[in-house]
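Below: one structure, written as structure tokens.
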Amino acid sequence: MAEDFAKAVEDGLKLAKRIYLGKDKAVMTAPKPPSPPVQGLADYYLPSAPMVYAVISDPGFVDNPDFPSYQPHVYGRCDPPALIPLQMSGVDLEVNCYGDTAFVQISGKWRVHCVMGSHSCDCRIAFPMGNQGSILGVEVDLPKKSYSTELVGLEESKCIEKIARPQDGGFMKPHIFMLTIPQVDGGTNISIKLRWSQKLLYNDGQFTLTVPFSFPEYVTPAVRKISKKEKIQLNVNSGIVTGILCKATSHPLKETKRHAEKFSFLYESEVLTWSKMDFSFSYSVSSSNMFGGVLLQSPPLYDHDQRDMFCVYLLPGSQKSTEVFKKEVVFVIDITDSMQGRPLEATKNAISSAMSKLGPEDSFNIITFSSETSLFSASMELASKEAIERATTWLSTKSTVEGSTCISIPLEHAYEMLSNTSGSLPMIFLITDGAVEDERNICDQMKKRLKNSGSLCPRIHTFGIGSFCNHYFLRMLAMISRGEFDAVCDLDLIDNRIQKLFSNAFSTVLADITVDAFNDHEQIEVYSSCIPDLSFESPLTICGRYEGSFPDTLKAKGILGDLSSFVMDLKIVRAKDIPLDRVLSRQEIDLLTAQAWLSENKQLEQKVAQLSKVTCNISEYIRMVLLEKNKIDKAIESSGSQKVKKTDPHKIKDPLAPRKTLLQSLSVGFGDLTATAENIRPGFEQQKLPDAAEVFLKATSDCCGRMCNRCCCMCCIQCCSKMNDQCAIVLTQIFTALAFIGCIECCTLCCGQDGQ
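Heads up: the sequence shown begins at 1 in the UniProt record's numbering, then just goes up one per residue.
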């Protein structure tokens, strides 16, 4: 989809050359930078900041709505439609940071400058989100209508008749969301508000925020007299961390407020061209040692769970001299045929890089699996240079094989290899792109084994590739073993994200973490059944709920890299200016969904659905809809001029109610056993037979080398004045296609399979 989108933008920029902006004004042209290489075309034209595009099917409508050019009419249609980037007249970025979570809101104004005033076109919004971005909502304001997104339950979604096409609402890529607004008149000004949450990166005691904010040259209005105001508002509340030092920023921010753990910045300016770089900001925490604290807060009134909330956070500090654990590592790699190509090659590269970072006292092994299991060595190998070279060579010879996916056997092998370790931190890295039938049984068996393993039991770090694997199974497997989970659906990010997972695990500085009151206080519920380890490269957040009074003092305990015990007092603070319910909602939803999947608990599913709705976070148990509100209808209603007919209220719909369009599912699902069994590769979508209408439209579009406004056989006759040979050929193709589709459908109904 991303490549098709990029090609449509390239076509749109070429088509935009038709737009004349009046005497002594420039003509909008394609971007000035040199043409991108063919291999990098998709990335070059994908949005690097919020963008709006005119969806052009009929190039004859492309013109300046204010200054008609009276150019010769263009025959034919754009199939697929071209995308012309709309010019932007103002942008306002507001970011609120709380700890390692940022809430981003971008408000902007665009104008449909490329379509005649007498015509209209769809407008497609597309915007990228930052690190681990999660869409929260979109609002669009037009002169006569307004649009907004809303989350509804699965049962309610079944009653919505209108369903959007994939390109009209959903993820183009995992970090790029797009939404289509139908039929906007040429010359219309569009006001849009976009909201999402994302995570700050953490490294060496420093938090870094990066928000996509790099606009291409061609969205700057060509008319220089138009005012172009750019505004950035940044508010940071670090919780109870004091001694904060601002390190770097991409834009000239001015500090407007500072108070202990809170500070604010502002940038506002009239500009000639929009920002050419992403907005970035970083700040450091002064402490060089590990420290932590607890935030408490009462729930908001709309929260269905009226127990108080708590959040325990632990930070590793900035002192790299803290000793890390000696490691024993087993890499468990899926090599079924679906991993062929980029997934397996990226996995091999990441593992080779990870092995090179092991110390001489560390040990390792590699297990590959499909329906059968293969071991690099019968026992653990010390990470000597010679052993790593042999392992790299052995791994490079491994290629994908046909067969089913079996996870339990290689996982058992890996666990047995690490069952007798002492004086080191055992780790299993499971990398797969498929789902298996016995996932719940695997979790139950691992729970029992880990419970009897004592301290420093094997950590299972899991990594999922694509959407066919069950992300919640992998998350639960990591959760019960104090491991870490990550997944990617964008194949280009596999190498980078796997190496990040390895790096976090290898940098563990505190293991077997416990908080004394959690085990002794029945009124405290911790969402994570086992507290993960603390890594030097990532802060740790533990969330939950409690009833009654919270303990006055709290201590966190753990084991350091030199195997000595560590105890830390946690400072308890009641959070006043932090929306803790929103900050913790994404983590809470993911953890509760994994628990609901494992236990098949319907009440937990309903709890997640309610939490999703009130915090605007997507989940497996809700769907997103686009609401369309007509301002004219509202005006009539408020004036009282509308006539009310006596009708049974149960038989009619409220004409003033917002019209709802159901968007495509935005969640990843719980894996796909069929796709796994058939070894379908990640990112591959099965081709569906076109329906009769689609075949008809495509066939008639070739008639006479052009396509008229009405696509039908009579249209061909009216255009050509007679039924020529080309029309006859087209009609033959149409009826053959219709007959073929009817045959397929008939055979499928009768025999349960395609006819031969």
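Every residue gets a Cβ at the ideal spot worked out from N, C-alpha and C, and that includes glycine.
| If you run the structure through DSSP and keep just helix, strand and coil, what is TYR621? | As a first step, residue 621 must be located in the sequence shown, where it is residue number 621. In this structure, TYR621 counts as coil in the three-state DSSP scheme.
| query | Are ALA435 and THR676 touching if we call contact CB-CB under 8 Å? | reply | Position 435 of the sequence shown, counted from the start, is the residue given in the question as residue 435. Position 676 of the sequence shown, counted from the start, is the residue given in the question as residue 676. Yes, the Cβ-Cβ distance between ALA435 and THR676 is below 8 Å.
| field | Inter-residue spacing [alpha-carbon to alpha-carbon] between ALA222 and LYS109 | value | Position 222 of the sequence shown holds residue 222. Position 109 of the sequence shown holds residue 109. When rounded, the distance between both Cα atoms is 15 Å.
| field | Beta-bridge pairing of VAL567 - partner residues as DSSP gives them | value | Reading the sequence shown from its first residue, position 567 is the one you call residue 567. Note: VAL567 sits in a beta bridge opposite LYS557.
| Buried or exposed: ILE163, going by 16 or more other Cβ atoms within 10 Å of its Cβ? | Position 163 of the sequence shown holds residue 163. By the 10 Å Cβ count, ILE163 comes out exposed.
| Extent of the continuous beta strand (DSSP E) run through LEU151 | Position 151 of the sequence shown, counted from the start, is the residue given in the question as residue 151. Counting along the chain, the beta strand (DSSP E) containing LEU151 begins and ends at 145 to 153.
| query | Closest by CA to VAL74, which one among SER57, GLN306, GLU10, LEU46? | reply | As a first step, residue 74 must be located in the sequence shown, where it is residue number 74. If we check each option's Cα against that of VAL74, SER57 comes out closest.
| task | Could you tell me how far apart the beta carbons of GLU381 and LYS326 are, in whole angstroms, since I believe they sit closer than 8 Å? | result | In the sequence shown, residue 381 corresponds to position 381, counting from 1. In the sequence shown, residue 326 corresponds to position 326, counting from 1. 15 Å between Cβ atoms; not a contact.
| said: Only counting the same chain, and skipping five residues up and downstream in sequence, which positions put a Cβ closer than 6 Å to that of ALA354? | reply: For the purposes of this step, residue 354 is taken as residue 354 along the sequence shown, with counting starting at 1. Closer than 6 Å at the Cβ level, and outside the excluded window around ALA354, lie PHE502.
| field | Nearest-angstrom Cβ-Cβ length linking ASP438 and SER408, presumed shorter than 8 Å | value | The residue given as residue 438 occupies position 438 in the sequence shown. The residue given as residue 408 occupies position 408 in the sequence shown. Between SER408 and ASP438 the Cβ distance is about 6 Å, and since that is below 8 Å, they are a contact.
| field | ALA354 - DSSP class collapsed to helix/strand/coil | value | Position 354 of the sequence shown, counted from the first residue, corresponds to residue 354. In this structure, ALA354 counts as helix in the three-state DSSP scheme.
| message | Please list the terminal residues of the continuous beta strand (DSSP E) segment that includes SER57. | response | Locating residue 57 in the sequence shown gives position 57, counting from the first residue. Segment: none, SER57 is in no beta strand (DSSP E) and carries neither H nor E.
| Does DSSP put SER507 in a helix, a strand or coil? | Here residue 507 is taken as the residue at index 507 of the sequence shown, counted from 1. Coil, per DSSP.
| Close-in-space but distant-in-sequence residues of the same chain around ALA248 (CB under 6 Å, 5 per side omitted) | For the purposes of this step, residue 248 is identified with residue 248 of the sequence shown, where counting begins at 1. Closer than 6 Å at Cβ, skipping near neighbours: SER282.
| query | CA-CA distance, LYS698 and ARG77? | reply | Counted from its first residue, the sequence shown places residue 698 at position 698. Counted from its first residue, the sequence shown places residue 77 at position 77. Low confidence applies to LYS698: its pLDDT is 38, below 50, so where it sits in the model is not reliable, and the reading given next is rough at best. Taking the straight line joining both Cα atoms gives about 11 Å.
| said: Within the continuous alpha helix (DSSP H) that includes ASN519, where are the two ends? | reply: Locating residue 519 in the sequence shown gives position 519, where the first residue counts as 1. From DSSP, the alpha helix (DSSP H) with ASN519 extends over 516 to 520.
| request: Note down the Cα distance separating ALA383 from GLU588, rounded to an integer number of angstroms. | output: The sequence position of residue 383 within the sequence shown is 383, counting from 1. The sequence position of residue 588 within the sequence shown is 588, counting from 1. Rounded to whole angstroms, ALA383 to GLU588 spans 38 Å at the Cα level.
| request: Please state if the CB of ASP492 and the CB of LEU510 are separated by a distance shorter than 8 Å. | output: Indexing the sequence shown from 1 puts residue 510 at position 510. Indexing the sequence shown from 1 puts residue 492 at position 492. For LEU510 and ASP492, no; Cβs fall outside 8 Å.
| said: Using 8 Å as the threshold, is the C-beta distance between VAL285 and LEU315 below it? | reply: Locating residue 285 in the sequence shown gives position 285, counting from the first residue. Locating residue 315 in the sequence shown gives position 315, counting from the first residue. Against a cut-off of 8 Å, the Cβ pair of LEU315 and VAL285 comes out as a contact.
| request: Run the CB neighbour count on ASP577, radius 10 Å, all protein chains shown included, and call it buried at 16 or more, exposed below. | output: Residue 577 sits at position 577 when you count from the first residue of the sequence shown. It counts as exposed.
| request: State the CB to CB distance for the pair LEU200 and CYS97, rounded to an integer number of angstroms; the pair is presumed to be in contact (CB under 8 Å). | output: As a working note, residue 200 is residue 200 in the sequence shown. As a working note, residue 97 is residue 97 in the sequence shown. Yes, they are in contact, since the Cβ atoms of LEU200 and CYS97 sit about 7 Å apart, within 8 Å.
| message | For the structure I just gave you, are there three or more beta carbon pairs, one from the region 148 to 164 and one from the region 214 to 233, closer than 8 Å? | response | no
| field | Local conformation of SER157 per DSSP, three classes | value | Numbered from its first residue, the sequence shown carries residue 157 at position 157. Of the three classes helix, strand and coil, the one that applies to SER157 here is helix, per DSSP.
| query | Measuring CB to CB, does ILE84 end up less than 8 Å from TYR53? | reply | The residue you call residue 84 lines up with position 84 of the sequence shown. The residue you call residue 53 lines up with position 53 of the sequence shown. In this structure, TYR53 lies closer than 8 Å to ILE84 by Cβ.
| Distance CB(TYR147)-CB(ILE106) smaller than 8 Å | Start at 1 with the first residue of the sequence shown, and residue 147 comes out as number 147. Start at 1 with the first residue of the sequence shown, and residue 106 comes out as number 106. Cβ atoms of TYR147 and ILE106: not closer than 8 Å.
| request: Name the two residues that bound the continuous alpha helix (DSSP H) containing ALA82. | output: Position 82 of the sequence shown, counted from the start, is the residue given in the question as residue 82. Here ALA82 belongs to no alpha helix (DSSP H); instead the beta strand (DSSP E) covers 82 to 85.
| query | At what residues does the alpha helix (DSSP H) containing GLN445 begin and finish? | reply | For the purposes of this step, residue 445 is taken as residue 445 along the sequence shown, with counting starting at 1. It spans 439 to 451 - the alpha helix (DSSP H) in which GLN445 sits, taken as one unbroken run.
| task | Could you spell out the range, first to last residue, of the alpha helix (DSSP H) harbouring PRO128? | result | Position 128 of the sequence shown, counted from the start, is the residue given in the question as residue 128. Segment 120 to 128 is the beta strand (DSSP E) holding PRO128; no alpha helix (DSSP H) there.
| Using the beta-carbon count (16 or more within 10 Å), is THR400 buried or exposed? | Residue numbering aside, residue 400 sits at position 400 when the sequence shown is read from its first letter. Its Cβ being crowded by 16 or more others within 10 Å, THR400 is buried.
| query | So, ILE498 versus THR661, is the Cβ gap smaller than 8 Å? | reply | Position 498 of the sequence shown, counted from the first residue, corresponds to residue 498. Position 661 of the sequence shown, counted from the first residue, corresponds to residue 661. Their beta carbons are not under 8 Å apart, which means ILE498 does not touch THR661 by this criterion.
| What is the rounded straight-line gap between the Cα of LEU673 and the Cα of SER467? | In the sequence shown, the residue the question calls residue 673 occupies position 673. In the sequence shown, the residue the question calls residue 467 occupies position 467. In a straight line, the C-alpha of LEU673 is about 11 Å away from that of SER467.
| said: Let's test the definition: count the other Cβ atoms within 10 Å of the Cβ of residue 770 and tell me whether it reaches 16, buried, or not, exposed. | reply: Residue 770 lies beyond the stretch modelled for the chain, which goes from 1 to 756, so this question has no answer here.
| query | Which one or two residues does DSSP pair with CYS311 in a beta bridge? | reply | Translated into positions along the sequence shown, residue 311 becomes position 311. Paired residues: LEU295, CYS543.
| request: For ARG659, verify whether its CB is less than 7 Å away from any heavy atom of the ligand SAM. | output: Among the components modelled here there is no ligand, and therefore nothing to report on the ligand SAM.
| query | Under three-state DSSP, which class holds PRO166? | reply | As a first step, residue 166 is located in the sequence shown; it is residue number 166 there, counting from the start. It is helical.
| task | Tell me whether the beta-carbon of LEU430 lies closer than 8 Å to the beta-carbon of VAL332. | result | Numbered from 1 along the sequence shown, position 430 holds the residue referred to as residue 430. Numbered from 1 along the sequence shown, position 332 holds the residue referred to as residue 332. Yes.
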